[in-house]
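Just below is one structure, and these are the notes that go with it.
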Amino acid sequence: MGEIRCPRCKKTFQTKYNPERFRAGSFYDAERDEEYDQVCEGCHRELTDK
Numbered sequence: 012m013g014e015i016r017c018p019r020c021k022k023t024f025q026t027k028y029n030p031e032r033f034r035a036g037s038f039y040d041a042e043r044d045e046e047y048d049q050v051c052e053g054c055h056r057e058l059t060d061k
């Protein structure tokens, strides 16, 4: 168990203590003109709800 960091929001999650899920795939953020291979659940919701 360790740490994982969301490249979009820059938050670091302790995998042992934080149940935050990460999504893998290809996610494009049009506002930032950036693409991500992996994002946290919160960022995933923001990107897919647009």
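All you need for the working numbering is the position in the sequence shown, starting with 1, plus 11.
Ideal Cβ placement from N, Cα and C applies to all residues, glycine included.
Assigned exposure category for residue 56 - 16 Cβ within 10 Å defines buried: Here residue 56 is taken as the residue at index 45 of the sequence shown, counted from 1. Exposed, since its Cβ has fewer than 16 Cβ neighbours within 10 Å.
Cβ-based burial, residue 54 [other Cβ within 10 Å; buried from 16]: On the sequence shown, position 43 is the one that residue 54 refers to. Counting Cβ neighbours within 10 Å, residue 54 comes out buried, since at least 16 surround it.
Distance CB(residue 33)-CB(residue 49) smaller than 7 Å: Residue mapping note: residue 33 aligns to position 22 of the sequence shown, counting from 1. Residue mapping note: residue 49 aligns to position 38 of the sequence shown, counting from 1. Taking C-beta atoms as the reference points, residue 33 and residue 49 count as a pair closer than 7 Å.
C-beta contact flag for residue 14 and residue 31 at 7 Å: As a working note, residue 14 is residue 3 in the sequence shown. As a working note, residue 31 is residue 20 in the sequence shown. No, these two residues do not count as a Cβ contact at 7 Å.
Inter-residue CB distance, residue 16 and residue 47 (contact presumed, cutoff 8 Å): Stepping through the sequence shown from its first residue, residue 16 is reached at position 5. Stepping through the sequence shown from its first residue, residue 47 is reached at position 36. Not confirmed; about 12 Å, so no contact.
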